[in-house]
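Chemist: Shown below is the structure under consideration.
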Amino acid sequence: MRGRRKEDTSSFFSEGKPVFKTQPIAILTNSFTASSSEIVAGALQDHDRAIIVGTNSFGKGLVQTTFPLNSGDILKITTARYYTPSGRNIQREYPRQLDLGDEELEPEAQDTVQKSFKTDMGRKVLGGGGIAPDIEVPEDSAAGDPFIVQILPHAFDFAVAYKSLHPNLDKSFSVDPAIFSAFISYLKDKSVEVEDKKVEKYHGYIANILLTYRISQVTWDENTAYRMVAHADAQLNKALEILGSGEKQAEILKQTMKDERK
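First residue of the sequence shown: 12, per our numbering; consecutive thereafter.
Following this line, the structure appears as structure tokens:
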């Protein structure tokens, strides 16, 4: 952690004996991976101790300090930034023209030139833009489609109604054609413009992710819901594939170095 003042600069080291000395580690990252989780992911990546799988993290590595004012208000000022062991700055730069006081702004733009650093093995990693994965696995594009966004709240309401009709639902359940058709009919009853092409295109996402998750969530809890849809998570499945491949972690990381040079 580095700040302008000496008292705002400090280094942090792990304490105690390592829990996993030689076992391979895979870390999942995406645009929602921010702050402390990025610090851990970046540190393990710098030491070549973990394979980062997924998409680029958010890029939030600021330290803010609050100062009480006489008026009773509090002034919050950025006093330092977090850096990984190799010297990478985690924080993604905001465009200069943006109002930096707006916490709702997403750091979509960044400098085209990022400083490069080296891991312990000599692998090239970039700073100033979050943590980039060693193995990129794109997120499902369905989640951002306007049609999927439109039906999201209806999926929850449908799940609540479905639970009331099936109070003794077993955890082995799956969204079969009957449940799927019932949901589409439910959408039409709610005057939702159902696009047949989109329904066909995103059938798997709607059934295996959206409906399975919502029904599991209202029937049991969120942790159970995540487990119920884990089989359809491409990033998680890739991480499991890597961990179960039998290859040593160092060999996989060396392969990523070769891929960078192509």
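Beta carbons are placed, not taken as given, at the ideal position from N, Cα and C, and that holds for glycine.
Residue range of the alpha helix (DSSP H) that SER127 falls in?
Modeler: No alpha helix (DSSP H) contains SER127, which is instead part of the beta strand (DSSP E) from 127-129.
Chemist: At a cut of 8 Å, does the segment 214-226 reach the segment 234-246 through at least three beta carbon pairs?
Modeler: Verdict: yes, contact present.
Chemist: Taking the C-alpha atoms as reference points, what is the distance between SER21 and GLY98?
Modeler: If I take the Cα positions, the gap works out to 13 Å.
Chemist: Would you mind working out which of ASN234, LEU39, LYS212 sits nearest GLU252, comparing C-alpha positions?
Modeler: Of ASN234, LEU39, LYS212, the residue nearest in Cα terms is LEU39.
Chemist: Counting only the same chain and skipping the five closest in sequence on each side, list residues whose C-beta sits under 6 Å from that of GLN121.
Modeler: For GLN121, the predicted structure reports a pLDDT of 46, less than 50, and the residue's modelled location is therefore unreliable. A value from the coordinates is still provided. ARG103, GLU104, GLY140, listed in sequence order.
Chemist: Mapping DSSP to helix, strand and coil, what is PRO29?
Modeler: Coil, per DSSP.
Chemist: What span of residues does the alpha helix (DSSP H) with LEU55 cover, start to end?
Modeler: Where LEU55 is concerned, the enclosing alpha helix (DSSP H) stretches over 47-57.
Chemist: Excluding the 5 residues preceding and the 5 following VAL186 in the sequence, name in chain order all residues of the same chain whose CB lies nearer than 6 Å to its CB.
Modeler: Closer than 6 Å at the Cβ level, and outside the excluded window around VAL186, lie ALA218, LEU222, THR223.
Chemist: Helix, strand or coil, according to DSSP, for GLU147 in the structure here?
Modeler: GLU147: strand per DSSP, three-state reduction.
Chemist: Assuming PHE78 is part of the beta strand (DSSP E), what are its boundary residues?
Modeler: Per DSSP, PHE78 belongs to the beta strand (DSSP E) from 73-79.
Chemist: Give the DSSP-derived three-state secondary structure of VAL136 in the structure shown.
Modeler: Strand, per DSSP.
Chemist: Under a Cβ-count criterion, where at least 16 other Cβ atoms within 10 Å of its own Cβ denotes burial, should GLU114 be classed as buried or exposed?
Modeler: With a pLDDT of only 43 at GLU114, under the threshold of 50, the placement of this residue in the model should not be trusted; the figure read from the coordinates follows. By the 10 Å Cβ count, GLU114 comes out exposed.
Chemist: Where does ILE253 fall in DSSP's three states?
Modeler: Looking at ILE253 - three-state DSSP - the assignment turns out to be helix.
Chemist: So what's ASN100 in DSSP terms, helix, strand or just coil?
Modeler: Here ASN100 sits in strand by DSSP.
Chemist: Going by the CB atoms, is the gap between ILE62 and ILE146 shorter than 8 Å?
Modeler: Against a cut-off of 8 Å, the Cβ pair of ILE62 and ILE146 comes out as a contact.
Chemist: By the three-class DSSP mapping on this structure, what secondary structure does LYS87 have?
Modeler: It is a strand residue.
Chemist: If you follow the beta strand (DSSP E) that THR40 is in, where does it begin and where does it stop?
Modeler: Start and end: 37-40.
Chemist: VAL203 lies in the alpha helix (DSSP H); which residues open and close that run?
Modeler: That residue, VAL203, is in no alpha helix (DSSP H); it is neither H nor E in DSSP.
Chemist: Consult DSSP for TYR94 and reduce its assignment to one of helix, strand or coil.
Modeler: Looking at TYR94 - three-state DSSP - the assignment turns out to be strand.
Chemist: Return helix, strand or coil for GLY65, following the three-state DSSP convention.
Modeler: DSSP places GLY65 in strand when its eight states are reduced to three.
Chemist: Determine the DSSP secondary structure at GLY141, reduced to helix, strand or coil.
Modeler: Of the three classes helix, strand and coil, the one that applies to GLY141 here is coil, per DSSP.
Chemist: Are ILE263 and VAL203 closer than 8 Å when you measure CB to CB?
Modeler: Cβ distance not < 8 Å, so ILE263 and VAL203 don't count as in contact.
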